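J.:
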Amino acid sequence: MAPDILFYGDPHGLFDPLIEAVARHRPRAVILLGDMELREQSLDTVLAPLREAVAAGATMPEIYWIPGNHESDTDAAWAHVFGSSYVAGNLHARVAEVAGRPVAGLGGVFRGRVWYPRGPRCKAPVFFTRNEHVAQLPERDRWQGAGDREPGLPRRHRTSIYPEDIERLRGLRADILITHEAPSPHASGFDTIDGLAELLGAVLIVHGHHHQDYEAYTPDGVRVRGVGRAGVVGLYPDGRLETLTPGTGGPDASGQEPAASGRAS
Numbered sequence: 025m026a027p028d029i030l031f032y033g034d035p036h037g038l039f040d041p042l043i044e045a046v047a048r049h050r051p052r053a054v055i056l057l058g059d060m061e062l063r064e065q066s067l068d069t070v071l072a073p074l075r076e077a078v079a080a081g082a083t084m085p086e087i088y089w090i091p092g093n094h095e096s097d098t099d100a101a102w103a104h105v106f107g108s109s110y111v112a113g114n115l116h117a118r119v120a121e122v123a124g125r126p127v128a129g130l131g132g133v134f135r136g137r138v139w140y141p142r143g144p145r146c147k148a149p150v151f152f153t154r155n156e157h158v159a160q161l162p163e164r165d166r167w168q169g170a171g172d173r174e175p176g177l178p179r180r181h182r183t184s185i186y187p188e189d190i191e192r193l194r195g196l197r198a199d200i201l202i203t204h205e206a207p208s209p210h211a212s213g214f215d216t217i218d219g220l221a222e223l224l225g226a227v228l229i230v231h232g233h234h235h236q237d238y239e240a241y242t243p244d245g246v247r248v249r250g251v252g253r254a255g256v257v258g259l260y261p262d263g264r265l266e267t268l269t270p271g272t273g274g275p276d277a278s279g280q281e282p283a284a285s286g287r288a289s
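Heads up, the sequence shown is in our numbering, so the first residue is 25 and it goes up one at a time.
Written out as structure tokens, the structure reads:
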């Protein structure tokens, strides 16, 4: 039985494990969990081997993705994703049918200059919307990027989470929520993501960012799957999740080795 969906953990420029897994398992769809970190090549270039496989008789999977925090590191890193032919596969703040399943996405990270709903830094959002943010910026601080749908917003904050992203998903339904940030079972996670999963009626959250393979549950019983750096996890038609390529670990965004918490699967 082939997996319906392959989830690919933060590539940070490494795509060979994904290409190999697609060739071996022939999924219907692929979802990239952010931090492509494409500083020198576009997403079109690094995924070209998938198209070559199609020419050789394989089936091209649907390609979906969410941005991570590193997509806004440089102008080139931004353009190589948002200026690619795969831009329509961005799941951020929307729901799409992926291999027959409704999947919602929330890319980017929480940042204190916009909204950080966790721990000692927790406070009311500084800006609810991107337009509010842009309105208070002097002209010299505004930025224009590839595939621009948010003219003026500084590049760094193109990968910040705003409350409006949650609001865009309100009233929608999804079985799976894909995020870059982690939900509360992770030691560095956010219960805001738990709440979004509940809002959507999701039964599974899959996330990257922390370069850690683990399984847990939110306090409300939603299954959580973290995927390590350049790791591949398959979702099968019967709902089974299987690690197909182990991801590599590493420090999280704070520089510390993360640790999962919550009920183990």
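Ideal Cβ positions, reconstructed from N, Cα and C, are used throughout, including at glycine. In this text, all values refer to a predicted model and were calculated from it rather than measured experimentally.
1. Between the C-alpha atoms of Gly225 and Arg164, what's the straight-line distance to the nearest angstrom?
2. At what residues does the alpha helix (DSSP H) containing His104 begin and finish?
3. In chain order, what residues of the same chain have a beta carbon less than 8 angstroms from the beta carbon of Ser96, not counting five sequence neighbours either side?
4. Is Pro126 near Val138, with beta carbons less than 8 angstroms apart?
5. May I have the straight-line CA-CA distance separating Glu174 from Leu57, to the nearest angstrom?
6. Excluding sequence positions up to five away, which residues of its chain have a Cβ less than 8 angstroms from the Cβ of Gly279?
7. Opposite Trp167 in the DSSP bridges: which residues?
8. Whose C-beta lies closer than 6 angstroms to the C-beta of Ser37 among residues of the same chain, with five residues either side of it excluded?
9. Return the chain-ordered list of same chain residues with a C-beta closer than 6 angstroms to the C-beta of Arg48, the five sequence neighbours on each side being excluded.
10. Below 8 angstroms, how does it come out for the segment 152-169 and the segment 200-211: are there three or more Cβ pairs, yes or no?
11. Is DSSP giving Phe214 helix, strand or coil here?
12. Assuming Thr267 and Pro41 form a contact by the criterion Cβ under 8 angstroms, report the distance between their Cβ atoms to the nearest whole angstrom.
13. Measuring CA to CA, which of Ile190, Ile29 and Gly273 is closest to Val133?
14. By a C-beta neighbour count over all protein chains shown, 10 Å radius and 16 as the cutoff for buried, is Arg197 buried or exposed?
15. Just verifying my parser: in three-state terms, what is the DSSP assignment at Ile185?
T.: Reading it off the structure:
1. 42 angstroms
2. Asp99 to Phe106
3. In chain order, Trp102, Arg179, Arg180, His181, Arg182 and Thr183 place their CB closer than 8 angstroms to the CB of Ser96, counting only its own chain and leaving out the 5 sequence neighbours on each side.
4. no
5. 22 angstroms
6. Low confidence applies to Gly279: its pLDDT is 38, below 50, so where it sits in the model is not reliable, and the reading given next is rough at best. Nothing meets the Cβ criterion.
7. DSSP output for Trp167 lists no bridge partner at all.
8. Contrary to the premise, residue 37 reads as Gly rather than Ser in this sequence. So the qualifying residues of the chain are Glu61.
9. none
10. Below 8 angstroms, too few C-beta pairs join the segment 152-169 and the segment 200-211 to call them touching: fewer than three.
11. strand
12. No, Thr267 and Pro41 are not in contact; Cβ-Cβ is about 12 angstroms, not under 8 angstroms.
13. Closest option to Val133, Cα to Cα, is Ile190.
14. It counts as exposed.
15. coil
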